[in-house]
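Q:
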Amino acid sequence: MTPSAHPPPPAYEWRLPPGFPVPRVPADNPMTPAKVELGRRLFYDRVLSGNGTYACSSCHRQELAFTDGRARAVGSTGEPHPRGALSLANVAYGATLTWADPRLARLEDQARVPMFNEHPVELGLSGREDELLRRLRADEDYPGMFTVAFPEDPDPVSLENLTRAIASFERTLISGDSPYDRLLYRDEAGALSESAKRGMRLFFSERLNCSRCHGGFTLSGPVAFEGARPIAPTFHNTGLYNLGGDGSYPADNPGLFGITGLAEDMGRFRAPTLRNVELTAPYMHDGSMRTLAEVIEHYARGGRVVADGPLAGDGRDSPRKSELIRGFDLDERGKADLVEFLKSLTDRSFVGDPRFGDPRFAAPHSAAPRSGGARLTAPRPAGPHPARP
Amino acid sequence: MQRLLGIAVLVSASFAFLPPALRASGGSSMPRPSGTSSMPPAPRKTPEQEAVDHYNAGLKYRDKAVALQKEAAQAGSEKERAKLEKKAQKEFEKAIDELRTATEKNPMFYQACSDLGFALRKTGDYAGALEVYDRAVSLNPAYSPAIEYRAEAYLGLDRVEEAKKAYMALFTGDRGRADELLQAMKGWVEKRRAEPGTLAPDTVQEFSRWVGQREELAGQTPSVSELQQRKW
Chain A
1 MTPSAHPPPP AYEWRLPPGF PVPRVPADNP MTPAKVELGR RLFYDRVLSG
51 NGTYACSSCH RQELAFTDGR ARAVGSTGEP HPRGALSLAN VAYGATLTWA
101 DPRLARLEDQ ARVPMFNEHP VELGLSGRED ELLRRLRADE DYPGMFTVAF
151 PEDPDPVSLE NLTRAIASFE RTLISGDSPY DRLLYRDEAG ALSESAKRGM
201 RLFFSERLNC SRCHGGFTLS GPVAFEGARP IAPTFHNTGL YNLGGDGSYP
251 ADNPGLFGIT GLAEDMGRFR APTLRNVELT APYMHDGSMR TLAEVIEHYA
301 RGGRVVADGP LAGDGRDSPR KSELIRGFDL DERGKADLVE FLKSLTDRSF
351 VGDPRFGDPR FAAPHSAAPR SGGARLTAPR PAGPHPARP
Chain B
390 MQRLLGIAVL VSASFAFLPP ALRASGGSSM PRPSGTSSMP PAPRKTPEQE
440 AVDHYNAGLK YRDKAVALQK EAAQAGSEKE RAKLEKKAQK EFEKAIDELR
490 TATEKNPMFY QACSDLGFAL RKTGDYAGAL EVYDRAVSLN PAYSPAIEYR
540 AEAYLGLDRV EEAKKAYMAL FTGDRGRADE LLQAMKGWVE KRRAEPGTLA
590 PDTVQEFSRW VGQREELAGQ TPSVSELQQR KW
């Protein structure tokens with residue numbers, strides 16, 4: 001065997017909160033500090049959109065726990081996405097990664113979707129792959145950063161390495177320093193208000209059953225991590241719609257049914273993480289609920305009633321609704337307590353952590369902030385959300 | 390409640406499959422380190438191999454002692470109970486001799502340190518137990534049996550704050566051991582309520598409240614290891 005010309009890069013040092021296991025990392029993409037730093041740079045760089053207006057961070061904003069505050073995401077050309085941007089908090093642990101596609105389980109694969117998706121256009125890079133690579137190679141920093149991140153690769157500036165780097169950065173987005181964590185894992189009895197503690201009892205009660213779907217340390221669906229046995233992904237129909245009385249959902253958002261074609265999968269979506277949920281409004285896969293109080297009301301009723309219009313239907317009677325959505329009686333104080341508990345899942349240090357922020361502003365040692373604009377071949381619209389062409 | 394019962398069933402079921410040695414303190418019989426030839430003449434044993442022999446012998450005595458103690462607890466008369474308890478203590482002393490020799494032959498043998506601590510604790514030597522538990526944890530800070538049984542030794546010495554810290558370490562690292570320690574803590578509360586000794590009643594009350602809170606939190610939140618097997 002020929003000895004490698006390159007010494008192995010230093011291993012990435014996880015700084016995991018108490019109670020958090022080591023994330024699972026693909027063997028072909030081990031974590032290294034150089035890769036993470038490159039991924040972070042790419043994540044925030046609008047060079048990664050066809051028209052130079054969008055970055056990953058456009059739909060995954062740190063201050064919103066890496067969501068975008070919109071009901072449904074909007075792509076770089078202004079085209080609306082049928083679903084809302086999922087939070088990236090603890091995405092390293094997700095057994096699946098999107099609202100309703102069980103096939104996407106690797107961040108490296110998922111990263112390609114917004115880049116090259118055409119229906120809808122997100123970052124709008126389909127057909128512009130060579131142009132993207134030219135931009136990166138012409139940049140003053142990227143070639144060196146790719147070389148350091150992928151020292152064994154003779155041609156490191158590639159799409160494959162790009163998605164590897166972004167995935168590496170995304171795996172570092174670990175959130176585990178909320179008041180809830182401080183109570184649970186650090187024994188800080190005063191971390192939660194009395195109201196939040198009452199809400200916590202409700203949340204984990206058999207009666208409300210919230211934790212049945214939003215469970216575990218991520219307060220989401222099934223997780224994957226180092227040493228864990230694989231768990232089948234789960235998706236749920238929560239009785240949000242019942243078009244025509246047969247349990248149908250709007251055609252642009254049929255959930256798992258859109259992948260499997262099985263009637264029983266109609267309207268089934270993944271349970272997203274509730275960590276930082278205070279910051280990730282509006283709620284549900286299509287952002288159709290504005291507040292946490294609305295969401296609790298929905299589950300208390302055991303489904304949503306849409307009185308009229310094209311989406312009219314009584315979700316409570318949906319034949320496709322999960323048996324877990326049974327409704328429950330909860331007085332106003334209980335609802336307020338539950339909201340207080342959900343707010344205790346907010347990790348302020350996560351949304352303010354400079355390690356996860358835009359390197360143009362967070363890295364004090366860097367040279368002049370990079371605008372990225374000079375490298376782009378397309379003019380950048382003035383506003384952050386361009387009108388649809 | 391169902392989840393609590395589920396956890397209890399899981400814990401007891403998993404313990405039922407363990408050999409007696411493991412159920413007693415976490416240690417299990419060790420295979421001898423390799424290095425011996427299958428051809429005669431048999432080479433002289435290394436100190437590490439000798440340590441394993443003493444360790445395994447110690448576990449046998451310890452298991453016998455634990456069985457005798459269980460028998461004593463169910464004895465029909467006080468005389469019978471005392472007799473069985475005395476026998477158990479003798480077996481623990483034999484275990485201590487063997488396990489101590491194992492730790493001397495191999496000073497890095499953290500499992501032997503931990504099991505020696507268990508045997509010492511069972512004979513009432515809490516200070517001696519703490520010393521060897523400390524050694525076990527310093528040799529392997531992640532060895533949860535030693536962390537748990539050291540905490541039980543803390544309880545024996547009424548050092549409840551240190552026991553609480555140990556619980557929190559186990560809560561994040563080994564929930565089964567954390568549950569076990571919580572049960573021991575509940576036992577300590579009951580005992581100290583009956584026989585407070587020099588402890589202030591407030592201390593027992595405060596600790597009891599803490600145990601209750603942690604029990605509720607543990608019941609609400611599944612552990613990482615549980616999630617691996619959970620049916621969603």
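Here the protein sequences line up with chains A and B, keeping their order. Heads up: the first sequence begins at 1 in the working numbering, then just goes up one per residue. Heads up: the second sequence begins at 390 in the working numbering, then just goes up one per residue. We put the beta carbon where it would ideally sit given N, CA and C, even for glycine.
Listed in chain order, which residues of the segment 553-565 of chain B have Cβ atoms closer than 8 Å to some Cβ of chain A?
A: So the close ones are 553, 557, 560 and 561.
Q: Name the residue from A:313, A:20 and A:72 whose alpha carbon lies nearest to the alpha carbon of residue 91 (chain A).
A: Ranking A:313, A:20 and A:72 by Cα distance to residue 91 (chain A) puts A:20 first.
Q: Taking the beta carbon of residue 500 (chain B) as the centre, do at least 16 other beta carbons fall within 10 Å, making it buried, or is it exposed?
A: Under this definition residue 500 (chain B) is a buried residue.
Q: In chain order, what residues of the same chain have a beta carbon less than 6 Å from the beta carbon of residue 440 (chain B), not counting five sequence neighbours either side?
A: Correct list, in chain order: 491, 494, 495 and 498.
Q: State the beta-bridge partners of residue 390 (chain A) as determined by DSSP.
A: Here chain A has residues from 1 to 389 only, and residue 390 (chain A) is not among them.
Q: Report the neighbours of residue 458 (chain B) on chain A: residues whose CB is nearer than 8 Å to its CB, in chain order.
A: The premise fails here: residue 458 (chain B) is roughly 33 Å from chain A at the closest Cβ pair, so nothing lies under 8 Å.
Q: Who are the near neighbours of residue 128 (chain A) in its chain, counting only those whose CB is closer than 8 Å to its CB and skipping five residues on each side?
A: So the list reads 50, once near-sequence residues are dropped.
Q: Can you check which of these residues, A:120, A:133 and A:57, is closest to residue 79 (chain A) by C-alpha distance?
A: That would be A:120, whose Cα lies nearest to the Cα of residue 79 (chain A).
Q: Could you give the first and the last residue of the continuous alpha helix (DSSP H) run that contains residue 28 (chain A)?
A: Looking at the DSSP string, residue 28 (chain A) is not in any alpha helix (DSSP H), and its letter there is neither H nor E.
Q: Based on the DSSP secondary-structure assignment, which residues constitute the bridge partners of residue 61 (chain A)?
A: Looking at the DSSP assignment, residue 61 (chain A) forms a beta bridge with A:67.
Q: Give the single residue among B:551, B:459, B:536 and B:596 whose Cα lies nearest to the Cα of residue 525 (chain B).
A: Per the Cα distances, B:536.
Q: Give the range of the alpha helix (DSSP H) segment to which residue 570 (chain B) is assigned.
A: Counting along the chain, the alpha helix (DSSP H) containing residue 570 (chain B) begins and ends at 564-583.
Q: Straight-line CA distance for residue 606 (chain B) to residue 222 (chain A)?
A: Cα to Cα, residue 606 (chain B) sits roughly 21 Å from residue 222 (chain A).
Q: Do you know how far the Cα of residue 107 (chain A) is from the Cα of residue 176 (chain A)?
A: About 20 Å.
Q: Please classify residue 208 (chain A): does DSSP put it in a helix, a strand, or coil?
A: Residue state, collapsed to three classes: coil.
Q: Say whether chain A places a C-beta atom closer than 7 Å to the C-beta of residue 609 (chain B).
A: Cβ-Cβ to chain A under 7 Å: yes for residue 609 (chain B).
Q: Would you be able to state if there are at least three C-beta pairs under 8 Å between the segment 329-340 of chain A and the segment 194-203 of chain A?
A: Yes, the segment 194-203 of chain A is in contact with the segment 329-340 of chain A.
Q: Should residue 272 (chain A) go down as buried or exposed, given a rule of 16 or more other Cβ atoms within 10 Å for buried?
A: Under this definition residue 272 (chain A) is a buried residue.
Q: With DSSP run on the structure shown, which of helix, strand or coil describes residue 243 (chain A)?
A: The answer is strand: DSSP assigns residue 243 (chain A) an E or B state.
Q: What in chain A is Cβ-close to residue 606 (chain B), meaning under 8 Å?
A: Residues of chain A passing the Cβ test: 183 and 184.
Q: Closer than 7 Å by C-beta to residue 478 (chain B): which residues in its own chain qualify, once you throw out the five before and the five after it? Chain order, please.
A: Within the same chain, residue 478 (chain B) has close Cβ partners 512.
Q: Pull up the distance between the alpha-carbon of residue 225 (chain A) and that of residue 245 (chain A), whole angstroms please.
A: Their backbone Cα atoms lie some 40 Å apart in a straight line.
Q: Let me confirm a value: residue 205 (chain A) is counted as buried when at least 16 other C-beta atoms fall within 10 Å, else exposed. Which label applies?
A: Its Cβ having fewer than 16 others within 10 Å, residue 205 (chain A) is exposed.
Q: Just to make sure I have the definition right: I need the residues of chain A whose C-beta is within less than 7 Å of the C-beta of residue 594 (chain B). Which are they?
A: None at all; the shortest Cβ gap to chain A is about 15 Å.
Q: Can a CB atom of chain B be found closer than 7 Å to the CB of residue 18 (chain A)?
A: Yes, residue 18 (chain A) counts as interfacial toward chain B.
Q: Applying the 10 Å Cβ sphere with the 16-neighbour rule, what's the burial state of residue 62 (chain A)?
A: The residue in question, residue 62 (chain A), is buried, as its Cβ has 16 or more Cβ neighbours within 10 Å.
Q: Return the first residue and the last residue of the alpha helix (DSSP H) that residue 289 (chain A) is part of.
A: Here residue 289 (chain A) belongs to no alpha helix (DSSP H), and DSSP marks it neither H nor E.
Q: Alpha carbon to alpha carbon, how far is residue 293 (chain A) from residue 96 (chain A)?
A: Straight-line Cα distance between these residues: approximately 27 Å.
Q: Where does residue 199 (chain A) fall in DSSP's three states?
A: Residue 199 (chain A): helix per DSSP, three-state reduction.
Q: Excluding the 5 residues flanking residue 458 (chain B) on each side, which residues of the same chain have their C-beta closer than 6 Å to its C-beta?
A: Correct list, in chain order: 477.
Q: How would you call residue 229 (chain A), buried or exposed, if buried means at least 16 neighbouring beta carbons within 10 angstroms?
A: Exposed, because fewer than 16 other Cβ atoms sit within 10 Å of the Cβ of residue 229 (chain A).
Q: For residue 235 (chain A) and chain B, any beta-carbon pair shorter than 7 Å?
A: Closer than 7 Å: no.
Q: Any idea what DSSP makes of residue 353 (chain A), helix, strand or coil?
A: DSSP places residue 353 (chain A) in coil when its eight states are reduced to three.
Q: Given that residue 189 (chain A) touches chain B, what residues does it touch there, using C-beta distances under 9 Å?
A: Ordered by position in chain B, the residues that pass the 9 Å Cβ test against residue 189 (chain A) are 599 and 602.
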